[in-house]
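> Quick one: structure below, then a few questions.
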């Protein structure tokens, strides 16, 4: 257990660094029974607590707001069972997805390739705030009758229970794959190409887009690939499946790009080039450090057809707040990641970045989208839940939380705003909680 201030500083936030708070202590647990024992003890003493994994969350879900005890799950890192015949695995929460993929790739399978997280979870073991240990989705059978408790718990930001075991799908490795790059002089053309690819009935394994500011960042980082610096953006497209059909899919995609005024298209000549392209793309968020001391990563979702309109409005927001905004996103499913560049040491810039981020999410909501596609809602975006839910809808959801977490000791203050309060009031409440911007 950690309790000295110098040891606790590392736990004052997760990957969302705009707000910070000091935990009362950090307790390391090694199995489900220890989690249950710690929860029972804290509940008895009415001490609030938070479950924390690796601290890689991007929404402040694991950030302590009022001196909570952190229950660290990093030592729970075992694969408990691998069932390739039935394509599932049971792992502890500290056993990261990449490790699972690498550990079974030589057996011809890998995990969590398509869809969002909730589509790939078959079962959970959780510890309730009472300390009771329960299993949801026993046997790992998909689409069980009754309420979708798996979906509810997966999206709960750790406010309903602490997950101690996860049963996940294991998917077969595709027989073949090919990757292409398409460079565009106009971001509207790139956006239209995305819609046209999907409209043509082609569903790529990945369809990513980066704009010129993001390209500037990745070309200055560890894996430059020689992207032209004068383009408006590029698409990184990967198709996979039965090897015999891969070339035809790529040719169709290239044809669609050419119909949309693409400057240049190319297909990776080998696995080394493909890996370099993907390493460059995956450096996107980290590469912003080469351009700015601080970066706020947003996460909204929009209908693909509204992409040109939304990107134009994000450009307006950038000008309004005098802050550069890079755009990296999963274009195929309309999941945007505006990266707002700022310097926290300059008075007022953190506040401007926060307001710019909120306005980006409002734009997404206004076109029929959502305020998050994959990062979730913790401290960040809790106020913006009002963009997509009414007071009555928020009250209904908090009533569900009260069933699982009646004393509100488990991860309090996350996910939902207070009923009747606006975005700015909720943000001021954060500041009054002694958070460190």
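In this note's numbering, the protein residues as written are 18 to 454. Note that the Cβ used here is the ideal one computed from N, Cα and C, for glycine as well. None of these values were measured; they are calculated from a predicted model.
Need the endpoints of the beta strand (DSSP E) that residue 325 sits in, please.
Residue numbering aside, residue 325 sits at position 308 when the chain shown is read from its first letter. That residue, residue 325, is in no beta strand (DSSP E); its alpha helix (DSSP H) goes 324–338.
> With H, G and I counted as helix, E and B as strand and the rest as coil, what does DSSP make of residue 75?
Locating residue 75 in the chain shown gives position 58, where the first residue counts as 1. Three-state result, residue 75: coil.
> Could you have a look at residue 347 and say whether DSSP puts it in helix, strand or coil?
Position 330 of the chain shown, counting from 1, holds the residue named residue 347. Strand at residue 347.
> Is DSSP giving residue 130 helix, strand or coil here?
Taking the first residue of the chain shown as position 1, residue 130 is located at position 113. Low confidence applies here, because residue 130 scores a pLDDT of 39, under 50, leaving its location unreliable; read the following figure in that light. Here residue 130 sits in coil by DSSP.
> From the DSSP output, read off the bridge partner residues of residue 135.
To locate residue 135, count along the chain shown from 1; it is residue 118. DSSP, once it has assigned bridges, lists no residue as partnering residue 135.
> Return helix, strand or coil for residue 433, following the three-state DSSP convention.
Residue 433 sits at position 416 when you count from the first residue of the chain shown. Note: residue 433 maps to coil in three-state DSSP.
> Three-state secondary structure (DSSP) at residue 403?
Against the chain shown, residue 403 aligns to sequence position 386. Note: residue 403 maps to helix in three-state DSSP.
> Are residue 310 and residue 382 touching if we call contact CB-CB under 8 Å?
To locate residue 310, count along the chain shown from 1; it is residue 293. To locate residue 382, count along the chain shown from 1; it is residue 365. Cβ distance not < 8 Å, so residue 310 and residue 382 don't count as in contact.
> Rounded to whole angstroms, what's the CA-CA distance from residue 278 to residue 404? Just pull it up for me.
Looking up residue 278 in the chain shown gives position 261. Looking up residue 404 in the chain shown gives position 387. Whole-angstrom Cα-Cα distance: 36 Å.
> To the nearest angstrom, how far is it from the Cα of residue 437 to the Cα of residue 163?
Counting from one through the chain shown, the residue named residue 437 turns up at place 420. Counting from one through the chain shown, the residue named residue 163 turns up at place 146. Residue confidence for residue 437 is low, a pLDDT of 45 falling below 50, so the modelled location carries little weight; the figure read from the coordinates is stated next. Distance between the alpha carbons of residue 437 and residue 163 is about 32 Å.
> By DSSP, does residue 411 sit in helix, in strand, or in coil?
Within the chain shown, numbered from 1, the residue matching residue 411 stands at position 394. Note: residue 411 maps to helix in three-state DSSP.
> In terms of residue numbering, what span does the alpha helix (DSSP H) encompassing residue 270 cover?
Along the chain shown, read from residue 1 onward, the residue named residue 270 stands at position 253. Segment 260–276, the alpha helix (DSSP H) holding residue 270.
> Since residue 183 contacts residue 138 with CB under 8 Å, what's their CB separation in whole angstroms?
Here residue 183 refers to the residue found at position 166 when the chain shown is read from its first residue. Here residue 138 refers to the residue found at position 121 when the chain shown is read from its first residue. With 8 Å as the limit, residue 183 and residue 138 qualify as a contact, their Cβ atoms being about 6 Å apart.
> Using the beta-carbon count (16 or more within 10 Å), is residue 18 buried or exposed?
Within the chain shown, the letter at position 1 stands for residue 18. When all chains shown are included, residue 18 counts as exposed.
> Within this structure, are the beta carbons of residue 358 and residue 343 separated by less than 8 Å?
Here residue 358 refers to the residue found at position 341 of the chain shown. Here residue 343 refers to the residue found at position 326 of the chain shown. Taking 8 Å as the Cβ cut-off, residue 358 and residue 343 qualify as a contacting pair.
> Assuming residue 496 and residue 257 are in contact, meaning their beta carbons sit under 8 Å apart, how far apart are those beta carbons, in whole angstroms?
Limits of the chain in this structure are 18 at one end and 454 at the other, which puts residue 496 out of reach.
> Out of 414, 424, 287 and 420, state which residue places its alpha-carbon closest to the alpha-carbon of residue 433.
For the purposes of this step, residue 433 is identified with residue 416 of the chain shown, where counting begins at 1. Of the candidates 414, 424, 287 and 420, the one whose C-alpha sits nearest the C-alpha of residue 433 is 414.
> Report the rounded CA-to-CA distance for residue 126 versus residue 247, giving the unit in angstroms.
For the purposes of this step, residue 126 is taken as residue 109 along the chain shown, with counting starting at 1. For the purposes of this step, residue 247 is taken as residue 230 along the chain shown, with counting starting at 1. Low per-residue confidence applies at residue 126: pLDDT is 36, beneath 50, and the placement is therefore not dependable, though the value from the model is reported in the following sentence. Rounded to whole angstroms, residue 126 to residue 247 spans 40 Å at the Cα level.
> Count Cβ pairs between the region 278–290 and the region 198–216 that sit closer than 8 Å; are there 3 or more?
The answer is yes - the region 198–216 touches the region 278–290, with three or more Cβ pairs under 8 Å.
> Out of 323, 325 and 374, which one is the CA nearest neighbour of residue 337?
Here the question's residue 337 lines up with position 320 in the chain shown. Residue 374 is the option with its Cα nearest to residue 337.
> Taking the straight line between their C-alpha atoms, what separation do you get for residue 398 and residue 316?
Counting from one through the chain shown, the residue named residue 398 turns up at place 381. Counting from one through the chain shown, the residue named residue 316 turns up at place 299. So the two alpha carbons sit approximately 10 Å from each other.
> Checking 8 Å against the spacing of the C-beta atoms, do residue 85 and residue 41 come in under that value?
Against the chain shown, residue 85 aligns to sequence position 68. Against the chain shown, residue 41 aligns to sequence position 24. Result yes, Cβ atoms of residue 85 and residue 41 sit closer than 8 Å.
> Does DSSP put residue 308 in a helix, a strand or coil?
Residue 308 sits at position 291 when you count from the first residue of the chain shown. Three-state DSSP puts residue 308 in coil, outside helix and strand.
> In the DSSP output, what is residue 167 paired with across the bridge?
Translated into positions along the chain shown, residue 167 becomes position 150. Residue 167 is not bridged to any residue.
> What are the partner residues of residue 195, as DSSP defines its beta bridges?
Counting from 1 along the chain shown, the entry for residue 195 is found at position 178. Residue 195 is bridged to 256.
> Could you check if residue 128 is buried or exposed, using at least 16 other CB atoms within 10 Å of its CB as the buried criterion?
As a first step, residue 128 must be located in the chain shown, where it is residue number 111. Unreliable placement is indicated for residue 128, whose pLDDT of 30 sits below 50; no coordinate value is reported for it.
> Under 8 Å, do residue 213 and residue 282 count as touching if we go by C-beta distance?
Taking the chain shown and counting its residues from 1, one reaches residue 213 at position 196. Taking the chain shown and counting its residues from 1, one reaches residue 282 at position 265. No; because the gap between Cβ atoms is not below 8 Å, this pair is not in contact.
> Can you have a look at residue 297 and say buried or exposed, based on whether 16 or more other CB atoms are within 10 angstroms of its CB?
Position 280 of the chain shown holds residue 297. Buried, since its Cβ has 16 or more Cβ neighbours within 10 Å.
> State buried or exposed for residue 431, treating a residue as buried only when at least 16 other CB atoms are found within 10 Å of its CB.
To locate residue 431, count along the chain shown from 1; it is residue 414. By the neighbour-count rule (16 or more Cβ atoms within 10 Å), residue 431 is buried.
> Based on the DSSP output, what are the partners of residue 93 in its beta bridges?
Translated into positions along the chain shown, residue 93 becomes position 76. Answer by DSSP bridge pairing: none, since residue 93 is not bridged.
> Return the CA-CA distance between residue 268 and residue 83, expressed in angstroms with no decimal places.
As a working mapping, residue 268 is identified with position 251 in the chain shown. As a working mapping, residue 83 is identified with position 66 in the chain shown. About 56 Å.
> Quick check on this structure: which residue in 239, 77 and 202 has the alpha carbon closest to the alpha carbon of residue 227?
For the purposes of this step, residue 227 is taken as the residue at position 210 of the chain shown. Cα-wise, what sits closest to residue 227 is 202.
> Measure the CB-CB distance between residue 426 and residue 60 and report whether it falls below 8 Å.
As a first step, residue 426 must be located in the chain shown, where it is residue number 409. As a first step, residue 60 must be located in the chain shown, where it is residue number 43. Yes, they are a contact pair.
> Start and end of the beta strand (DSSP E) containing residue 108?
Reading the chain shown from its first residue, position 91 is the one you call residue 108. 105–108 is the extent of the beta strand (DSSP E) around residue 108.
> Exposed or buried, what is residue 323 when buried is set at 16 or more other beta-carbons lying within 10 Å of its beta-carbon?
Sequence index remark: in the chain shown, residue 323 carries index 306 (1-based). Residue 323 is buried by the Cβ-count criterion.
> Compute the distance between the beta-carbons of residue 369 and residue 177, then report whether it is under 8 Å.
Along the chain shown, read from residue 1 onward, the residue named residue 369 stands at position 352. Along the chain shown, read from residue 1 onward, the residue named residue 177 stands at position 160. No; because the gap between Cβ atoms is not below 8 Å, this pair is not in contact.
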